[in-house]
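J.: In the UniProt record's numbering, the protein residues as written are 1 to 878.
1. List, from N- to C-terminal side, the beta strand (DSSP E) runs of 3 residues or more that fit wholly inside the segment 657-740.
2. Identify whether residue 361 lies in helix, strand or coil by the three-state DSSP scheme.
3. Buried or exposed for residue 495, please, with buried defined as at least 16 other CB atoms from any protein chain shown within 10 angstroms of its CB.
4. Excluding sequence positions up to five away, which residues of its chain have a Cβ less than 8 Å from the Cβ of residue 685?
5. According to DSSP, is residue 238 part of a helix, a strand, or is it coil?
6. Is residue 320 helix, strand or coil by DSSP?
7. Going by DSSP, what residue range makes up the alpha helix (DSSP H) through residue 579?
8. Using DSSP with H/G/I as helix, E/B as strand and the rest coil, what is residue 27?
9. Three or more C-beta pairs closer than 8 Å, one from the segment 163-170 and one from the segment 389-400: is that the case here?
10. Does the segment 673-689 come within contact of the segment 610-625, defined as at least 3 CB pairs closer than 8 Å?
11. Which parts of the segment 117-187 are runs of the beta strand (DSSP E), unbroken and 3 residues or longer, counting only runs that do not cross its ends?
12. Contact defined as beta carbons within less than 8 Å: I believe residue 796 pairs with residue 708. What is the distance between those atoms, to the nearest angstrom?
13. For the beta strand (DSSP E) that contains residue 111, what are its first and last residues?
14. Looking at C-alpha atoms only, which residue of 238, 183, 605 and 145 is the closest neighbour of residue 879?
15. Measure the alpha-carbon distance for residue 43 versus residue 416 and round it to whole angstroms.
16. Under the three-state reduction of DSSP, which class applies to residue 384: helix, strand or coil?
17. With respect to the alpha helix (DSSP H) encompassing residue 346, which residues constitute its N-terminal and C-terminal limits?
18. How about residue 572 and residue 636: are their beta carbons less than 7 Å apart?
19. So what does residue 297 bridge to, in DSSP terms?
20. Could you check what DSSP says for residue 209 in three-state terms: helix, strand or coil?
21. Contact criterion: CB-CB distance below 7 Å. Does residue 629 meet it with respect to chain B?
22. Could you compute how far the alpha carbon of residue 491 sits from the alpha carbon of residue 269?
23. In chain order, what residues of the same chain lie with their CB nearer than 7 Å to the CB of residue 458, ignoring the 5 residues before and after it?
24. How about the segment 757-769 and the segment 297-307: do they share at least three Cβ pairs that are nearer than 8 Å?
25. For residue 837, which of 744, 411 and 385 has the nearest alpha-carbon?
26. What's the gap between the Cα of residue 79 and the Cα of residue 71?
27. Which residue wins for smallest C-alpha separation from residue 101, given the options 363, 76 and 711?
28. Counting only the same chain and skipping the five closest in sequence on each side, list residues whose C-beta sits under 8 Å from that of residue 564.
29. Excluding the 5 residues flanking residue 800 on each side, which residues of the same chain have their C-beta closer than 7 Å to its C-beta?
30. Should the segment 113-125 be called in touch with the segment 349-368, which here means at least 3 C-beta pairs below 8 Å?
31. With a Cβ-Cβ cutoff of 7 Å, do residue 73 and residue 90 count as a contact?
32. According to DSSP, simplified to helix, strand and coil, what is residue 477?
33. Please report the straight-line C-alpha distance between residue 669 and residue 629, rounded to a whole angstrom.
34. Please go through the same chain and pick out, in chain order, the residues whose beta-carbon is closer than 6 Å to the beta-carbon of residue 584, but skip the five residues on each side of it.
35. Apart from the five residues on each side of it in sequence, which residues of its chain come closer than 6 Å, Cβ to Cβ, to residue 470?
36. Please report the distance separating the alpha-carbon of residue 437 from that of residue 94.
Structure (structure tokens):
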């Protein structure tokens with residue numbers, strides 16, 4: 001726990017050479033020598049002999065456990081330190097570690113220091129060391145949206161210098177008249193931020209003591225390790241002990257940015273997206289913190305609504321910014337960028353609780369965290385997160401920054417202002433912001449961070465979500481948060497799975513990694529080159545992921561070999577959203593298509609298609625012919641799909657691959673299809689032409705019709721009877737804008753529908769991570785639903801007991817061609833349909849249609865032979 005303060009008269013402290021020490025190698029905590037009773041100090045008048053350094057032994061009993069540390073934060077110190085410290089128990093203000101929620105140390109594993117050394121006569125050691133540990137848990141309150149420990153909290157966790165100073169007798173000198181305040185330090189991060197499952201091991205040194213202008217000073221440094229790896233080093237730490245009058249008289253940080261211009265050694269790249277807004281009120285800042293950048297920043301950020309996990313500020317409890325009053329990418333005294341953020345201070349703010357007892361103040365480490373949040377806001381407002389779904393913010397490692405503290409925020413304070421003075425901006429491939437950050441409290445310059453650096457780094461949502469809980473299936477149309485759908489805790493694979501030559505298992509965890517995880521977690525070492533800034537083709541994620549395991553694979557991994565075969569299984573849940581949303585209570589055509597097509601995408605990746613190009617390639621379905629012969633219900637247990645790579649051709653960076661697919665449901669024939677996919681560089685989508693259509697077909701899109709049916713209001717005729725259209729999640733039509741019963745090429749009817757594109761639609765998040773496009777199968781599903789509308793409108797179900805729709809007309813070939821895509825940037829999806837056949841057979845009335853789907857004004861899908869039939873079914877489930 002550290003708060004900022006000023007020295008009297010703005011004095012300057014020189015750090016003794018012993019404070020600037022090299023990084024120490026990792027060490028296990030030494031075994032504490034702990035008496036059974038209270039710890040007592042040496043007898044007055046006797047100088048203890050120098051003690052040998054404790055011997056490191058892992059797993060030793062702690063000197064103080066978590067409960068004892070909480071007691072030391074508020075109770076009588078002598079109860080644990082021993083009777084030598086009894087006189088300070090009556091002092092209201094002492095040098096204490098903070099209490100919860102700001103107490104981050106879980107145990108003290110050893111202390112190497114003389115108790116009460118500062119008040120002992122004679123030549124006594126007044127330096128010392130203390131070792132502490134902090135366990136990061138999945139449910140630790142401070143863990144951020146990416147499953148990491150925020151930088152300011154990591155620094156704060158090295159808070160046991162306070163306990164060590166108390167152990168050395170600081171309060172026996174202060175006698176309740178002086179309070180601890182941090183003055184400054186140099187901070188260097190190493191590696192990525194810690195995550196749940198890590199234990200932070202701190203070795204903290206008090207190096208010496210001094211006095212300046214009547215103020216007692218202490219100098220410290222510390223290191224933090226995780227599994228023997230250095231994660232944080234703090235050097236040149238300075239703290240002082242101040243009276244209330246001295247705290248009130250502080251003059252703040254003496255720093256004028258105009259006098260400290262940056263050099264020319266840093267880049268100054270323009271924003272990736274120009275933001276029209278220059279200030280952001282509380283509602284907009286909160287929207288960003290809650291994962292809605294488009295609501296915060298407006299035009300240009302629409303694509304972020306489709307993010308699976310957008311780069312975020314800290315969560316609501318740790319959010320330290322209320323509003324941003326100035327954002328100017330070319331502002332500030334240096335003309336390189338400036339941001340001003342403000343937040344109100346209230347006596348009820350959570351961080352005053354326990355920090356410290358009888359001496360409430362905001363930790364200086366939280367001021368640093370507020371500065372990092374302001375820097376993250378700046379990078380986000382500059383558009384650098386728009387095309388970086390799943391990435392996260394972290395301080396630049398191995399780059400020292402200096403913090404200077406010369407003021408404090410207390411319950412009497414009213415407002416904190418954070419100012420970001422941009423020194424440099426790099427747009428990528430890893431966007432980085434270099435800045436000096438000034439924090440002012442009620443107009444007084446309280447905190448200065450010089451040389452701070454924050455960057456956006458690649459990350460993968462599954463890395464966090466897989467440990468967040470057990471696997472979850474979405475059972476109905478009520479959205480389930482994606483982190484829950486990504487849970488893998490406790491998952492056990494009950495069936496045999498394919499295993500690669502190096503032992504890599506192609507189980508459900510690897511398939512989920514194909515959607516949301518690190519590429520090497522999906523396919524092993526072959527995809528390690530994509531575990532950084534490069535991107536790779538993905539499988540859809542839940543709730544549109546329909547593969548449970550790979551049963552077998554025949555073909556060399558990375559071999560791009562024709563004749564390679566994969567056999568995949570999908571375990572059909574008894575309760576699944578697509579059953580609940582489909583009134584027929586059977587698997588809709590869109591899901592049937594995905595069950596057949598997703599193993600093709602997996603096999604294409606297994607074959608190494610993307611690894612053959614230096615460019616990042618996008619994967620798209622182009623053509624297909626499918627015949628459905630069976631039906632999948634909640635009683636179906638497993639669908640098995642066999643996909644064979646039958647042909648591979650390449651032209652430059654474009655790769656075309658053909659597949660033959662057979663699906664069975666509980667060993668009964670379900671569907672057969674042939675299909676073609678392609679890998680394309682992003683540039684191939686810059687000037688899409690779509691499918692060629694004659695002028696008269698294009699003109700039909702604007703043909704007037706005197707009746708429009710708004711399906712978003714769920715009219716009873718189409719959404720409440722038997723049969724009826726699907727529920728809201730599955731329904732791919734917003735309105736029917738045309739119906740001509742005698743129109744179309746065969747004179748059997750023509751229909752037209754529309755759907756507004758909403759970037760936040762669930763299917764963009766599911767399909768695909770970092771490449772959001774509407775699944776082609778849902779475009780075909782829209783056509784099925786328009787055909788269902790036609791049958792309802794025409795009274796095809798009249799006289800049928802408990803009528804329902806088949807998912808598709810069994811035994812008929814359906815042919816599709818795709819030459820375009822629907823992305824969050826589109827505005828409108830339109831379907832134009834001709835009824836080409838209608839009649840009644842032994843099972844019931846049916847209709848067959850040809851249809852096109854348009855993205856705005858471009859024809860991108862054409863489907864022929866799509867059939868639908870009304871049949872008599874069981875009583876409906878309500």
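The beta-carbon is built from N, C-alpha and C at its ideal position, and this holds for glycine as well.
T.: Short version:
1. 668-681 and 735-740
2. Looking at residue 361 - three-state DSSP - the assignment turns out to be coil, as it is neither helix nor strand.
3. Around the beta carbon of residue 495, fewer than 16 other beta carbons lie within 10 angstroms, which makes this residue exposed.
4. 618 and 821
5. Looking at residue 238 - three-state DSSP - the assignment turns out to be strand.
6. Residue 320: coil per DSSP, three-state reduction.
7. 577-581
8. Confidence in residue 27 is poor, its pLDDT being 43 and thus under 50, which makes the residue's placement unreliable; the coordinate value appears in the next sentence. Correct three-state label for residue 27: coil.
9. no
10. yes
11. Runs found: 128-135.
12. Wrong, their Cβ atoms sit about 22 Å apart, outside the cutoff.
13. 107-112
14. Because the chain spans 1 through 878 in this model, residue 879 falls outside it and cannot be assessed.
15. Any reading at residue 43 must be qualified, since the residue scores a pLDDT of 31, below 50, and its modelled position is unreliable; no value is offered.
16. coil
17. Per DSSP, residue 346 belongs to no alpha helix (DSSP H) and is neither H nor E.
18. yes
19. Residue 297 is not bridged by DSSP to any residue.
20. Strand at residue 209.
21. Annotation note: the requested chain B is absent from the structure, which comprises a single protein chain.
22. 46 Å
23. Correct list, in chain order: 391, 532 and 533.
24. For the pair of segments examined, the segment 757-769 was found to touch the segment 297-307: the number of CB pairs separated by less than 8 Å reaches three.
25. 744
26. Rounded to whole angstroms, the gap between the alpha carbons of residue 79 and residue 71 is 9 Å.
27. Checking every option, the nearest Cα to that of residue 101 belongs to 363.
28. 553, 554, 555, 556, 603, 606, 607, 644 and 645
29. 844, 870 and 872
30. no
31. no
32. coil
33. 7 Å
34. 804 and 805
35. 487, 489 and 490
36. Going from the Cα of residue 437 to the Cα of residue 94 covers about 31 Å.
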